[in-house]
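Okay, so here's the structure we're looking at.
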Amino acid sequence: MYADCEAISSMGGNMVVSSGTLFTSTFQNPNFTYLPLEPLPPMITKEENGSSLRGKEEMKSGSESELQETTEQPLKKKRYHRHTAHQIQELEAVFKECPHPDDKQRMKLSQELGLKPRQVKFWFQNRRTQMKAQQDRSENVILRAENDSLKSEFYRLQAELSKLVCPNCGGPPVPGGVSFDELRIENARLGEELERVCAIASRYIGRPIQTMGELMPPSLELDMNIYPRQFLEPMPPPILSETPSYLDNNNLILMEEEKTIAMELAMSATDELVKMCRTNEPLWVRNNKTGKEVLNLDEHSRMFHWPLNLKQRSSEFRTEASRDSSVVIMNSITLVDAFVNAHKWMELFPSIVARAKCVQVISQGVSGTNGCLQLMYAELHVLSPLVPTREAYFLRYCQQQNVEDETYWAIVDFPLDGFHNSLQTSFPLYKRRPSGCLIQDMPNGYSRVTWVEHAEIEEKPIHQIFSHFVHSGMAFGANRWLAVLERQCERVASLMATNIPDIGVIPSPEARKNLMRLSQRMIRTFCVNISSCSGQVWTAVPDSTDDTVRITTRKVSEAGQPNGLILCAVSTTWLPYPHHHVFDLLRDERRRAQLEVLSNGNALHEVAHIANGSHPGNCISLLRINVSSNSSQHVDLMLQESCTNKSGSLVVYSTVDVDSVQLAMSGEDPSCIPLLPLGFFITPMELVNDGGCKDEANGHNITTGSLLTVGLQVLASTIPSAKINLSSIAAINNHLCTTVQQISSALSSNCIGSCNEGDNGKEK
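Going by the UniProt record's numbering, the residue at position 240 of the sequence shown is 240; the numbering climbs one at a time, nothing skipped.
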């Protein structure tokens, strides 16, 4: 270029070129008429120019014939040297590791690939420019969609503003004026927002916060004289919990431009899920101490570049990632149908999914499944008020794929807030990264399911008794999802089976199904009532040891539960006994009858038995409560269901009268039968201590045991607006503590008896 400038300047002297001539383009014509350009004469190089520069006169004396011969010579085309596929593959591999190689690295690459160092240098420059251009295009698409959305919202608000009418005179309102009705609506909305924020804050600090001060009457009559010891400050009363709405994102609807972006993200998320399910090392590294697979975050970030370029999380966010695989007794079509239906999804995972709903169907797909894309909301919970729930809006995509002559279904969830920043977030902050499962059909109606769970969660303090349970991934990891799915598939298979013999007074297969549906509703009611889902606010009881007892009250007026004011108390205790020992004690009605606090001294007799799983503990029982002959109490029945899997066990029961059971067995709708379930949630848990014998894996002393969560509910009053006094709270707290003590004593005596029998056998 400099040589050209010198050549032109050497022509200088009297040559005058106007700026208008230099920068005139034929494309400035408004009609865009294309004019063919004359071929330019070849430029004179610097060397040739230096040898021929003999003054202005010699330049002008050049013959026109020589110039004509020069212009008629064909222009030499520049030869392009394309890299081979091997060279490009090696360059791409190095680029992923180091986008900016130094001189030594470029020299080494050029020698290995047979290229010049300048070629290597230019390739890396072009590759960085290309990646930057791709990122810019993606950001432009997102910003353009946001801009269109803001424009639509602006025009809508302008149209609404033009329709406003003054409520007094009927004329146009004063600009900037607000009516009293709008103020009242806004005041009510702010009041609800204040209550929601106070509920979130109280969940964080472990104590409720009064929202309206003296404007709200106290829900309890506080009388601290009934407590045996004095407190420095009065105990806050339990707050009556209403069923709140979902996260306040009622206007969350994807526009047409956003739907296109969502479909592109769905394809990318599906590809990521498939690779995470089918790739082993170095993406997944197995821990030799625990036998669990651990996600290599560095390898994951190199393999997957999320299209929205999510910001790197700070130390306040913790990444949870797990993978598991199992075979379940359900075909892929039925499983996929359950995943795309929010209600069926909740029923399939009652101990994990507290609430779920489909907000918007973005794409129906083929037959409602293949290619289906939905905007969904879900609240996930652990069966204890000591663990905060996880709420999130996310997109769920379902697609059938064929890879290596194998057909399978991919169900993938991926985050929404990456390109929809107006979402109201939950507490603590929770985001589902591309997660889900691959479902592959197997013979005889079975399916192989590979599950990947990947999420980012805000690092917040959790009660110490559940700290290891949550941080180890046992609470919301893939192994728990898959264990619950395997158990529920067995239950559904039992529900649909007609060749399973039942024991007892069940008259027909239809009566059997109705009784199982009634028991399923009992399980779900128990799971929801003893967790912190739906914004339930729990209060700590000061007398409880280790601060693990929580109580709450709620008003019930709908069918399915006793109407009135219900008092609920939940306690969690660590027991130094294996998980299956605790489960066997609590599910056996004969052994549980020995616990006076649970049976009130009455014997239990099984009158009906439904097996709904391969484990003998997975069953539904109808028990008759044998009251003493001199009692005037009405004879009731007890409906009990026990279920177990490798992630935990449940034993739930509720008293029902004979008429309700006959109503359910006769084929009537059992949804109106009132149930107030009580029960136990047992999870295997290792207690980690700092002292004693150290474990090589983490330097801690580990003791095998289990966590026992006891949930009790009582109908405190048939009047929903009634007040609870502290005597009722003290009574249920005492009942809860006595229950835990008797269970621990029974386990201890059984353990001693087993050890004595073993010693006697050795002596013989």
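Every residue, glycine too, gets a C-beta built ideally from N, C-alpha and C.
field: Beta-carbon proximity list for VAL740, same chain, < 8 angstroms, skipping 5 on both sides
entry: SER571, THR573, LEU708 and VAL710
- prompt: Is GLU281 helix, strand or coil by DSSP?
  reply: coil
- request: Specify whether the stretch 361 to 379 and the stretch 445 to 465 touch according to this definition: at least 3 beta carbon pairs, one from each stretch, less than 8 angstroms apart.
  value: no
message: Out of GLN360, HIS83, ASN147 and HIS100, which one is the CA nearest neighbour of LYS116?
response: HIS83
message: For PHE394, count the other beta carbons within 10 Å of its own beta carbon; 16 or more makes it buried, fewer makes it exposed. Which is it?
response: buried
message: Suppose the cutoff is 8 angstroms on Cβ atoms and the five residues either side in sequence are ignored; what does the same chain contact list for residue 794 look like?
response: Outside the shown range of the chain (1 to 764) lies residue 794, about which nothing can therefore be said.
message: Does the structure place the stretch 456 to 473 close enough to the stretch 378 to 387 that three or more beta carbon pairs sit under 8 angstroms?
response: yes
query: In its own chain, which residues sit with a C-beta less than 6 angstroms from the C-beta of GLU531, not counting the 5 before and 5 after it?
result: What sits at residue 531 in the sequence shown is Ser, not Glu. Closer than 6 angstroms at the Cβ level, and outside the excluded window around SER531, lie HIS381 and LEU383.
field: Proximity of CYS489 and MET330 at Cβ, strictly below 7 angstroms
entry: yes
Pairwise C-alpha distance: ALA188 and MET131: 50 angstroms
task: Determine which residues share a DSSP beta bridge with LEU708 and list them.
output: THR573 and ILE682
- request: Compute the Euclidean distance between the alpha carbons of GLU256 and GLN111, then round it to the nearest angstrom.
  value: 52 angstroms
message: Measuring only the C-alpha atoms, how far is LEU482 from SER494?
response: 18 angstroms
query: Quick one: Cα of PRO670 to Cα of GLN561, how far?
result: 12 angstroms
message: Counting C-beta neighbours from all protein chains within 10 Å, is the total for LEU348 16 or more, i.e. buried, or is it exposed?
response: buried
query: For the candidate residues MET685, SER654, SER744 and THR683, whose alpha-carbon lies nearest to that of VAL714?
result: SER654
message: Per the DSSP calculation, CYS437 is bridged to which residue(s)?
response: ILE411 and TRP451
task: Could you tell me whether the stretch 398 to 416 touches the stretch 268 to 280, where touching means 3 or more Cβ pairs closer than 8 angstroms?
output: yes
query: What residues in its chain sit with their C-beta under 7 angstroms from that of ARG313, if we drop five residues either side in the sequence?
result: With a pLDDT of 49 at ARG313, under the threshold of 50, the modelled position of this residue cannot be trusted; read the value that follows with caution. So the list reads GLU456, once near-sequence residues are dropped.
- request: Using the Cα positions of ARG396 and VAL340, report the straight-line distance between them to the nearest angstrom.
  value: 8 angstroms
query: Rounded to whole angstroms, how far is the Cβ of CYS527 from the Cβ of ILE551, which I believe are closer than 8 angstroms?
result: Actually they do not touch by this definition, with Cβ atoms about 18 angstroms apart.
message: Considering only DSSP beta bridges, list what SER322 is partnered with.
response: GLU453
Coil, strand or helix - GLU404 by DSSP: coil
- prompt: Roughly how many whole angstroms lie between the Cα atoms of GLY114 and TYR430?
  reply: 50 angstroms
query: In its own chain, which residues sit with a C-beta less than 6 angstroms from the C-beta of SER322, not counting the 5 before and 5 after it?
result: GLU453, GLY473, GLY477 and ALA478
- request: Verify whether the separation of the beta carbon atoms of GLU641 and SER519 is less than 7 angstroms.
  value: yes
- prompt: Just reading off the beta strand (DSSP E) that ALA626 is part of, what are its end residues?
  reply: Residue 626 is actually Asn in this sequence, not Ala. It spans 619 to 626 - the beta strand (DSSP E) in which ASN626 sits, taken as one unbroken run.
Same chain only: Cβ atoms within 6 angstroms of GLU92, ignoring 5 sequence neighbours per side: none
message: Classify ARG587: buried if its beta carbon has 16 or more other beta carbons within 10 angstroms, exposed otherwise.
response: buried
query: Among ALA497, ALA266, ILE743 and PRO501, which residue has its Cα nearest to the Cα of ILE362?
result: ALA266
- prompt: Excluding the five sequence neighbours on either side, which residues of its own chain have a C-beta within less than 6 angstroms of the C-beta of VAL327, listed in chain order?
  reply: TYR446 and ARG448
query: Across which residues does DSSP place ALA608 in a beta bridge pair?
result: GLY504 and LEU622
message: Classify ASN626: buried if its beta carbon has 16 or more other beta carbons within 10 angstroms, exposed otherwise.
response: exposed
query: Should GLY613 go down as buried or exposed, given a rule of 16 or more other Cβ atoms within 10 Å for buried?
result: buried
message: Given this structure, state the Cα-to-Cα distance separating VAL120 from MET107, to the nearest angstrom.
response: 8 angstroms
query: Which first and last residues belong to the alpha helix (DSSP H) in which ARG554 is found?
result: Here ARG554 belongs to no alpha helix (DSSP H); instead the beta strand (DSSP E) covers 549 to 556.
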